[in-house]
Structure formats: structure tokens, C-alpha cells
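Numbering (this note's numbering), first residue to last: 59 to 239.
Right, here's the structure in full:
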């Protein structure tokens, strides 16, 4: 009798733990911690941008964005940037809805162009490496299957070598699609 009772208790405990896991997973499938996204606008400017984001809790996350130019005829100044960021979400669902972000960026930008007296030819200085700080905002929509759609825009200011380039800002913008896992 004791063995049967013990077996019954073990089966009941196993079944209840399994049921809790299944209910929690189904009800909170959008609460996965990692996300990867691809910016769909970047190829229009001759670049590719990939984002990885790790959700800390319902309202905040940390991430990193990598932007690389492959066609300098479309994107004349920027070569690449690597940008870590922090986001705070205001949506009701887990890490979704309207958000604000603060970001830093390590950038490589073409140096100033020095034009000749007739303005027909120019000499380009070496690439300039700099750090930028900025802020942005956006909106994220997450489906129950884990698909992610995002629109965002951000603006940052170069801190050290802005005088060696033709501009002193870093603009981040995108319409992205991704997957939460």
C-alpha cells in the first residue's frame, strides 16, 4: 500500500509540474528573453543593420546594433557603427509597445572632403573614429508566434572628432523584422 501511495504522489507531483509549465508557456509565449532583428530600410542606403536584444524584465532591455555599409555610392559618409543601447518599454505586453532608448555608438566616418579651388575635385581625409551618445524612440509589435515588427528613430551627437568630419551626428532609424526566442 505504501509503494502504491508513494507512486501516486510522485505521478501527481510530476503531472502538476508539467501542467504548470505548459500553462505558463502557452500564456506567456511572448515573454522569451532574446530577440534578433534585421533593419529593412538599411539595404536601401547600401548598408545592412542587425540587432540583438536581451530583455531584462517586462519594461527594460539591453541590446546591441551593428550597422555596416557595403555600397559607398548610396551612403557616402558612414562606414559602420556598433551601438549598445538600453530601452524602456511602456506597453502592456512583455517588452513591447512604445519605447524610449538611450544609446552609445562607436563609429567610423569618412573624413572631411577638401575641395579644390574650382570645386570640381576633392581630397578625402582618412576615416575618423569617434564615439556618439544619443536617444531614440519607437514602437514594437510582437506576435504570439514570436515575430517582431519594429519602427524606431534615434539621434546622437559625436563627442570627440566631429570637427574632422562633414557632420557631427549619428542618425539611427529603421523598420525592422525579427524573431523573439
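Glycine included, C-beta positions come from ideal geometry on N, C-alpha and C.
Buried or exposed: residue i, going by 16 or more other Cβ atoms within 10 Å of its Cβ?
| i | result |
| --- | --- |
| residue 225 | exposed |
| residue 152 | buried |
| residue 119 | buried |
| residue 127 | buried |
| residue 124 | exposed |
| residue 167 | buried |
Only counting the same chain, and skipping five residues up and downstream in sequence, which positions put a Cβ closer than 8 Å to that of residue i?
| i | result |
| --- | --- |
| residue 189 | 162, 163, 164, 165, 216, 217, 218 |
| residue 117 | 146, 147, 148, 153 |
Taking C-beta to C-beta, are residue i and residue j nearer than 9 Å?
| i | j | result |
| --- | --- | --- |
| residue 156 | residue 114 | no |
| residue 232 | residue 206 | no |
| residue 234 | residue 96 | yes |
| residue 93 | residue 239 | yes |
| residue 212 | residue 230 | yes |
| residue 204 | residue 91 | no |
Within its chain, find whatever has a CB closer than 6 Å to the CB of residue i; leave out the 5 residues flanking it on each side and keep chain order.
| i | result |
| --- | --- |
| residue 158 | 146, 195 |
| residue 197 | 156, 209 |
| residue 129 | 104 |
| residue 160 | 144, 193 |
| residue 141 | 123, 161, 163 |
*What are the start and end residues of each continuous beta strand (DSSP E) run of 3 or more residues lying completely inside the region 108-146, in chain order?*
Along the length of the region 108-146, whole beta strand (DSSP E) runs at least 3 residues long occupy 118-127, reported in chain order.
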